[in-house]
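Step one of this worksheet: look at the structure below.
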Amino acid sequence: MVTSTALMLGMPGTASAAPAAVPSLRAFGISGDGTLMATFTTDRPDVLNWVRVITGLSGDTALVGIDFRVQDGLLYGVGNKGGIYTIKTPPATQDVVVTKVSQLQYALHGTQFGVDFNPAADRLRVISDNGQNLRHNLGDHTTIQDVNLTTPPVEGTTKGVTAAAYTNNDLNGATATTLFDINTNSDQVVIQSPANNGTLAPTGSLGLDAQLKAGMDIYSTLSGGRTVDNAAFASLTPSGASTPSLYSVNVFTGEAAFIKQFPLNITDLAISLTGS
Numbered sequence: 017m018v019t020s021t022a023l024m025l026g027m028p029g030t031a032s033a034a035p036a037a038v039p040s041l042r043a044f045g046i047s048g049d050g051t052l053m054a055t056f057t058t059d060r061p062d063v064l065n066w067v068r069v070i071t072g073l074s075g076d077t078a079l080v081g082i083d084f085r086v087q088d089g090l091l092y093g094v095g096n097k098g099g100i101y102t103i104k105t106p107p108a109t110q111d112v113v114v115t116k117v118s119q120l121q122y123a124l125h126g127t128q129f130g131v132d133f134n135p136a137a138d139r140l141r142v143i144s145d146n147g148q149n150l151r152h153n154l155g156d157h158t159t160i161q162d163v164n165l166t167t168p169p170v171e172g173t174t175k176g177v178t179a180a181a182y183t184n185n186d187l188n189g190a191t192a193t194t195l196f197d198i199n200t201n202s203d204q205v206v207i208q209s210p211a212n213n214g215t216l217a218p219t220g221s222l223g224l225d226a227q228l229k230a231g232m233d234i235y236s237t238l239s240g241g242r243t244v245d246n247a248a249f250a251s252l253t254p255s256g257a258s259t260p261s262l263y264s265v266n267v268f269t270g271e272a273a274f275i276k277q278f279p280l281n282i283t284d285l286a287i288s289l290t291g292s
């Protein structure tokens, strides 16, 4: 069983105590300008196994977010002009090669974006620091512009949400999923529920003053095809720091625990579904 200093969700809505050790999970990250990809393990983000230029973009000049899709096990990326790509990485290819497979039907609004697949509905969620809230179907290539992000009872669109991740990344039909975001304006973890309504509810403070750019992913440990644990990790840049660091995140309390600093400006990440 994989455990970590991050949140643990045995069943949806329950938590167990956080152990001390950080697991060694294979992860991929993209640079802040969206032109480079690197790989590392979650226990040693200070050591990059390789760094490659992203090639093959069509109509886009950079990637703004990446995530693994449970339904086919592939790594996907979203471009800054809304292109959606599958991604091949070493050793399958010498370079990072992307292939365009779909296109968002709405232009992206914002400067920073959170990208994650809903494992239950098989929909790609894209949120932005400008409050945008999109849902894309890779099956028929349609995009729904859901309700902008809000934090009741505060009126108006919520700004500063720059990272998103779903729990329970499995194909079990009885498993529910929850969408967690990071608001770097308020330095909080928030639940986005209902996700389509864009309604945000803070769970707690990160415990640090984070710069705008952030990325988050949640790794799910499976037993018999069903999630038994989740571990959340985030790329965050504390105020005054020149490069981001990797943190484990307890999404129930919001607390971010420092692991190590990246040697590159890694602002979004995706953890392999198998952890290796």
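Counting from 17, one number per residue, gives the positions in the sequence shown under the numbering used here. Glycine is no exception: its CB is placed at the ideal position from the N, C-alpha and C atoms.
Could you check how far apart the C-beta atoms of residue i and residue j are, in whole angstroms? I think they sit under 8 Å.
i	j	result
Asp203	Lys175	Not quite, the Cβ-Cβ distance comes to about 13 Å (not below 8 Å), so this is no contact.
Ala272	Asp233	No, Ala272 and Asp233 are not in contact; Cβ-Cβ is about 14 Å, not under 8 Å.
Trp66	Thr55	6 Å
Gly50	Leu79	4 Å
Gly214	Leu165	4 Å
Asn184	Ser236	6 Å
Asp132	Ala181	5 Å
Val38	Arg68	Rounded, the Cβ-Cβ distance is 25 Å, inconsistent with contact.
Gly75	Gly93	The pair is not a contact, with the Cβ atoms about 13 Å apart (cut-off 8 Å).
Leu90	Thr102	5 Å
Gln161	Leu124	Actually they are not in contact, since the Cβ atoms of Gln161 and Leu124 sit about 11 Å apart, beyond 8 Å.
Thr200	Leu228	5 Å
Just to check, is the beta-carbon of residue i closer than 8 Å to a non-hydrogen atom of the ligand NAD?
i	result
Leu262	Annotation note on the ligand NAD: not contained in the displayed structure, which lists no ligands.
Using DSSP bridges, identify the partner residues of residue i.
i	result
Tyr92	Asp83 and Thr102
Thr262	As written in the sequence, residue 262 is Leu, which differs from the Thr given in the question. Answer by DSSP bridge pairing, in chain order: Ser251 and Lys276.
Gln161	Leu150
Gly231	Ser251
Asp197	Ala180 and Val206
Leu52	Val69
Asn134	Arg139
Asp284	Ile46
Leu64	The partner list for Leu64 (beta bridge, DSSP) is empty, contrary to what the question assumes.
Phe129	Ser144
Asn246	Ser236
Thr295	The chain is shown from 17 up to 292; residue 295 falls before or after that span and cannot be answered.
Val112	Ile70
Work out the CA separation of residue j and residue i for me, nearest whole Å.
i	j	result
Leu238	Asp245	7 Å
Gly155	Ile275	38 Å
Phe44	Arg242	24 Å
Gly99	Ser40	31 Å
Thr259	Met53	15 Å
Val114	Val170	40 Å
Ser20	Ala192	Here the model assigns Ser20 a pLDDT of 32, short of 50, so the residue's position is not dependable, and the following value carries that caveat. Looking at the two C-alpha atoms, the distance is approximately 22 Å.
Gln87	Ala257	37 Å
Lys97	Leu73	10 Å
Asp284	Ile143	13 Å
Pro135	Gly291	17 Å
Gln128	Ala226	14 Å
Leu187	Leu289	12 Å
Asn212	Pro106	36 Å
Asp83	Ser209	20 Å
Ala190	Val177	29 Å
Thr194	Leu64	30 Å
Lys104	Val163	33 Å
Gly172	Asp59	39 Å
Tyr263	Gly95	25 Å
Thr77	Thr109	21 Å
Ala31	Arg85	Bear in mind that the predicted position of Ala31 carries a pLDDT of just 31, short of 50, making it unreliable; the figure below should be weighed with that in mind. Distance between the alpha carbons of Ala31 and Arg85 is about 25 Å.
Arg42	Gly240	22 Å
Counting only the same chain and skipping the five closest in sequence on each side, list residues whose C-beta sits under 8 Å from that of residue i.
i	result
Thr219	Phe196, Gln204, Val205, Val206, Ile207, Val267, Phe268, Thr269 and Gly270
Thr159	Leu120, Gln121, Tyr122, Leu150, Arg151, His152 and Asn153
Ser261	Pro61, Ser251, Leu252, Thr253, Pro254, Phe274, Ile275, Lys276, Gln277 and Phe278
Ser47	Met53, Ala54, Leu280, Asn281, Ile282 and Thr283
Among the residues of its own chain, which have a CB less than 7 Å from the CB of residue i, if the five just before and after it don't count?
i	result
Ala179	Gly130, Asp197, Ile198, Ala230, Gly231, Met232 and Ala250
Identify, in the order they occur along the chain, each residue of the same chain with its Cβ nearer than 6 Å to the Cβ of residue i, setting aside the five sequence neighbours on each side.
i	result
Thr167	Thr174 and Leu216
Ile282	Gly45, Ser251 and Pro260
His157	Ser118
Lys116	Ser74, Gly99 and Tyr101
Leu222	Asp203, Gly270 and Ala272
Legend entry - Residue ranges of each beta strand (DSSP E) within the segment 202-227, 3 or longer: DSSP runs (the beta strand (DSSP E)) wholly in the segment 202-227: 204-208 and 216-221.
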